[in-house]
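For the sequence shown, the working numbering assigns the number 161 to the initial residue and increments by one for each residue that follows. Note that CB positions come from ideal geometry on N, CA and C, so glycine has one too.
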Amino acid sequence: MRFPTANAVLTLAVLLAGLALTQPVQADAPPPAGRPLLRVVVIDHSPPFSDHDAGGDLVGFNVDFGRELCRSLGAVCSFDAAPFKQIIDDVATGRFDIGFGNVLRTPEREQRLLFSIPYWRSSTSLVGHRGTPELSLEEAIRSRRIAAIRGSRQHAALVRLADSDPTLQSNLVPVSTLDDLWEAMRSGQSDMAIGPTLNVVHFLLSDSGDGFETIGTPMSENGLGGTVHIVFPPGQHELKASVDRALTALRNDGTYQRINRKYFPFDIY
Numbered sequence: 161m162r163f164p165t166a167n168a169v170l171t172l173a174v175l176l177a178g179l180a181l182t183q184p185v186q187a188d189a190p191p192p193a194g195r196p197l198l199r200v201v202v203i204d205h206s207p208p209f210s211d212h213d214a215g216g217d218l219v220g221f222n223v224d225f226g227r228e229l230c231r232s233l234g235a236v237c238s239f240d241a242a243p244f245k246q247i248i249d250d251v252a253t254g255r256f257d258i259g260f261g262n263v264l265r266t267p268e269r270e271q272r273l274l275f276s277i278p279y280w281r282s283s284t285s286l287v288g289h290r291g292t293p294e295l296s297l298e299e300a301i302r303s304r305r306i307a308a309i310r311g312s313r314q315h316a317a318l319v320r321l322a323d324s325d326p327t328l329q330s331n332l333v334p335v336s337t338l339d340d341l342w343e344a345m346r347s348g349q350s351d352m353a354i355g356p357t358l359n360v361v362h363f364l365l366s367d368s369g370d371g372f373e374t375i376g377t378p379m380s381e382n383g384l385g386g387t388v389h390i391v392f393p394p395g396q397h398e399l400k401a402s403v404d405r406a407l408t409a410l411r412n413d414g415t416y417q418r419i420n421r422k423y424f425p426f427d428i429y
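Have a look at this one:
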């Protein structure tokens, strides 16, 4: 499965044109009478799901959808950003009420968090220079240097393969961020990269992605994909139920699909 690159940039640009979000409500601003204040956290840098624009404001699919969710709940929401691991810890301890951390459901996390119904589906993709032959993940790590974000599920999958054959260790190129992932390929530090498919698609549809494409089909086995959920502190069953109802309503009235089309050229649900 190969996603379009250069020809799709102009199409996506039309979909993204006119994006404008209101300023986030300050966490210390008192909510209007009768409206609850909810503290929402998103990943600090995971375009197109969440990022800061040139003015420092939070933007992205999760921010747009989070605002519509708060509107549907009749709540006033403050938005903040944090690294992925910190989101899980901070929501689990009650620092935030709602977490949009692109979190997959696992037995370990279920012991610490409540999960909404699914709101999109994740998978993993390899990406490399256009014209690279299609390879499985095991074939790729045996013949190519592959960059992966340190601590990610993609990195863990490569570590498992490399552990079975120590000669493959030199083909694993750990990096810290999404930007580093793409730069590793552009600079020649790695031959390929592996990351969440929707982050990969965003990269390919950007100017920086010119000359690259997905290699092989998206992967979801062995922890490399699955349903993605909004998360809540333990015990917040009423809030979870309210969010589940609002999420269903936003899909039924077309709001979810409208936001989806701003950021992705296909349905991510």
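Where does residue i sit, in a helix, a strand or coil, going by DSSP?
i	result
residue 344	helix
residue 381	coil
residue 376	strand
residue 196	coil
residue 412	helix
residue 212	strand
residue 364	helix
Out of the options, which one is the CA nearest neighbour of residue i?
i	options	result
residue 275	228, 235, 396 and 390	390
residue 400	302, 217 and 230	230
residue 304	417, 354 and 217	354
residue 203	308, 294, 251 and 197	251
residue 207	375, 341 and 418	341
residue 265	278, 253 and 258	278
residue 228	423, 418, 425 and 427	418
residue 210	423, 429, 405 and 427	423
residue 197	235, 217 and 220	235
First and last residue of the alpha helix (DSSP H) that includes residue i?
i	result
residue 249	244-252
residue 420	415-423
residue 273	No alpha helix (DSSP H) contains residue 273, which DSSP labels as neither H nor E.
residue 318	313-323
residue 224	221-233
Measure how close the beta-carbons of residue i and residue j come, nearest whole angstrom, since I'm counting them as under 8 Å.
i	j	result
residue 226	residue 260	6 Å
residue 360	residue 285	5 Å
residue 302	residue 387	At roughly 31 Å, the Cβ-Cβ gap does not stay under 8 Å, so residue 302 and residue 387 are not in contact.
Just to confirm the assignment, what range does the beta strand (DSSP E) spanning residue i have?
i	result
residue 387	386-392
residue 267	Run containing residue 267: none in the beta strand (DSSP E); it sits in the alpha helix (DSSP H), 267-270.
residue 259	258-264
residue 301	Note, residue 301: premise wrong, no beta strand (DSSP E); alpha helix (DSSP H) at 297-303.
residue 289	284-289
residue 308	306-309
residue 355	352-356
residue 332	332-335
If you measure from the CB of residue i, is any heavy atom of the ligand FAD nearer than 7 Å?
i	result
residue 241	As for the ligand FAD, it is missing from this structure, which has no ligand bound.
Contact between the stretch 361-371 and the stretch 268-283: three or more CB pairs below 8 Å?
no
Are there three or more Cβ pairs, one per stretch, closer than 8 Å when the stretch 297-315 is compared with the stretch 332-342?
yes
At a cut of 8 Å, does the stretch 233-253 reach the stretch 365-379 through at least three beta carbon pairs?
no
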